[in-house]
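Numbering (UniProt numbering), first residue to last: 1 to 487.
From the three backbone atoms N, C-alpha and C, an ideal C-beta is built for every residue, glycine too.
Contents: one structure, followed by commentary.
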């Protein structure tokens with residue numbers, strides 16, 4: 001593993017801003033309101049050719065002023081326990097807080113390698129603000145500006161120099177299956193990831209909207225690496241009014257762009273809703289593989305525990321995802337949670353499958369012979385050949401003489417034939433149509449009778465250029481022959 005560096009501090013000192021600066025990303029959600037970050041947020045960084053993992057944490061509070069203060073403290077202490085180095089961030093504008101003194105005392109007793117960073121120092125003229133922080137017993141406070149980058153390189157030089165040799169941390173080239181856990185608020189997304197990892201990796205609460213950022217968690221099962229991406233709950237657009245929640249929802253939707261499989265979590269105790277179908281539509285539009293997960297199955301009354309009936313209700317609204325598999329489980333009790341890995345693996349294998357051009361053409365040829373395409377302006381549609389051009393998801397391009405004339409019903413027929421005979425019954429498929437290029441497309445353009453004089457002039461110039469080119473070749477050949485005879 002790479003060295004792990006945890007960033008900690010009280011709320012609103014700029015931890016996430018510094019995290020984004022060091023990782024050169026915008027992956028951590030940033031806002032002026034304190035308490036935005038609640039979970040541990042991991043990101044990769046490199047400095048002086050030394051790779052390391054950076055961990056952003058929530059603001060540390062001793063008193064339970066915030067409903068999530070206790071859970072955030074647990075997350076912070078877990079981050080400190082697993083870190084090779086700790087970066088404590090202090091506020092250069094706000095000065096020293098009682099929480100800072102308490103946290104410095106805790107770190108002195110719990111971790112041997114701590115770097116103290118005074119943030120919001122935007123230039124040399126503000127470095128005088130450092131003097132107050134020496135009263136905390138800090139030998140070397142680093143003046144930095146997470147927002148503008150001032151002092152960050154000097155700090156990172158010392159941080160990277162404290163790491164063991166880079167050779168001790170080889171790159172992991174294993175294939176990783178990216179899984180996004182998405183759904184409405186309070187559907188149990190964080191609870192499922194905590195159950196899978198066997199630890200309180202993410203803050204869980206009955207309060208809807210607990211998760212604000214998209215949090216990555218690495219898990220290994222049977223030699224296979226999985227990256228689970230916990231996301232904020234996606235509510236209907238009309239109910240999203242706060243700026244912070246809008247950003248959270250946008251990040252949740254964007255997380256589907258980097259996933260292979262999306263787990264659409266549905267609260268079984270509330271049944272299938274229109275918003276569940278909307279969230280599934282987002283995943284389908286991003287081209288993800290989809291698995292519907294009916295969570296909180298333990299809360300469903302015994303006389304209503306009919307998974308097929310739930311799926312039928314879902315198919316009525318999400319007809320575009322009837323191929324997607326489904327499962328029932330309980331994140332609270334752990335019922336059938338481990339079976340998710342087999343389903344994810346099955347969907348991913350289809351999602352990443354490639355077929356030979358011969359196989360694909362035989363399927364299309366057989367389908368068009370069985371059910372010929374309709375006529376287009378009295379002419380028969382011709383399917384010349386079809387080939388697979390991409391995976392994730394499997395994407396095929398069929399070259400025809402009139403692509404715009406392929407009716408949507410016939411497109412659906414061919415797609416179903418492809419799904420049936422390729423065995424891709426759990427993954428999305430894309431079948432695109434392109435016009436087959438004819439000879440005239442690359443040949444001479446039709447004559448323009450209104451401009452024959454200019455055309456003749458251009459033809460004459462072309463003949464003269466060709467004649468001069470032939471003369472030069474002839475002279476070169478004669479010279480080569482003369483030189484050979486002299487030798």
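For residue i, is the classification buried or exposed, using 16 other Cβ atoms within 10 angstroms of its Cβ as the cut-off for buried?
i	result
residue 112	exposed
residue 418	buried
residue 162	exposed
residue 256	buried
residue 390	exposed
residue 377	exposed
residue 218	exposed
residue 479	exposed
residue 105	exposed
residue 297	buried
residue 9	buried
residue 49	exposed
residue 471	exposed
residue 128	exposed
residue 194	buried
residue 110	exposed
residue 2	buried
residue 368	buried
residue 384	exposed
residue 358	exposed
residue 373	buried
residue 468	exposed
To which residues of the same chain is residue i closer than 6 Å at the C-beta, ignoring the five residues directly before and after it?
i	result
residue 6	55, 79, 80, 83, 86
residue 446	With a pLDDT of 42 at residue 446, under the threshold of 50, the predicted position of this residue should be treated as unreliable, and no value is reported.
residue 477	none
residue 428	393
residue 276	266
residue 310	294
Relative to the alpha-carbon of residue i, which residue among the options has its alpha-carbon at the smallest distance?
i	options	result
residue 279	269, 290, 270	290
residue 388	57, 344, 430	430
residue 329	273, 267, 157, 116	267
residue 406	424, 394, 380	380
residue 154	117, 189, 138, 187	117
residue 253	370, 363, 21, 287	287
residue 294	194, 337, 53	337
residue 370	198, 285, 414, 469	414
residue 299	335, 157, 365	335
residue 302	198, 269, 58, 2	269
residue 341	3, 182, 261, 468	261
residue 292	109, 272, 158	272
residue 363	343, 423, 3	423
residue 26	250, 150, 474	250
residue 51	164, 308, 374, 274	164
residue 402	409, 375, 416	375
residue 125	420, 103, 150	150
residue 58	410, 327, 12	12
residue 274	230, 304, 319, 308	319
residue 180	231, 309, 77	231
residue 433	228, 412, 77	412
residue 281	365, 436, 321	321
Between which residues of its own chain and residue i is the CB-CB distance below 8 Å, once the five residues before and five after are set aside?
i	result
residue 426	289, 323, 324, 325, 346, 347, 350
residue 24	45
residue 152	18, 21, 22, 144, 145, 146
residue 96	90, 132, 133, 135, 136
residue 220	226
residue 333	298
residue 158	115, 142
Output needed for residue i: all residues of its chain with C-beta closer than 7 Å, excluding positions within five of it in sequence on either side, in chain order.
i	result
residue 360	386, 387, 388, 396
residue 258	178
residue 100	10, 90, 136
residue 107	86, 88, 114
residue 197	217, 219
residue 283	182, 256, 262, 264, 290
residue 382	400, 401
(message) I want to know whether the stretch 351-368 touches the stretch 313-322 - three or more CB-CB distances under 8 Å.
(response) Between the stretch 351-368 and the stretch 313-322 there are fewer than three inter-stretch CB-CB distances shorter than 8 Å, so the stretches are not counted as touching.
(message) If contact is defined by three or more beta carbon pairs under 8 Å, each pair taking one atom from either stretch, is the stretch 6-17 in contact with the stretch 43-51?
(response) Judged by Cβ distances under 8 Å, the stretch 43-51 makes no contact with the stretch 6-17, as fewer than three pairs qualify.
(message) I'd like the ranges of any beta strand (DSSP E) spanning at least 3 consecutive residues and lying wholly in the stretch 71-152.
(response) Along the length of the stretch 71-152, whole beta strand (DSSP E) runs at least 3 residues long occupy 85-91, 114-119, reported in chain order.
(message) Counting beta carbon pairs with one atom in the stretch 117-133 and one in the stretch 89-96, are three or more of them shorter than 8 Å?
(response) Between the stretch 89-96 and the stretch 117-133, the count of C-beta pairs closer than 8 Å reaches three or more; the two stretches touch.
(message) Does the contact criterion of 3 or more C-beta pairs under 8 Å hold for the stretch 218-226 versus the stretch 176-191?
(response) Yes: the two stretches touch, three or more of their Cβ pairs being nearer than 8 Å.
(request) Could I get the ranges of all uninterrupted alpha helix (DSSP H) runs contained in the stretch 260-295, with 4 residues as the minimum, in chain order? (result) Correct list: 274-285.
(request) Specify whether the stretch 110-128 and the stretch 137-148 touch according to this definition: at least 3 beta carbon pairs, one from each stretch, less than 8 Å apart. (result) Contact between the stretch 110-128 and the stretch 137-148 is present, because at least three Cβ pairs lie under 8 Å.
(message) As an exercise, report each continuous alpha helix (DSSP H) stretch of at least 4 residues that is fully enclosed by the stretch 304-347, in chain order.
(response) List check, alpha helix (DSSP H) in window: 307-317.
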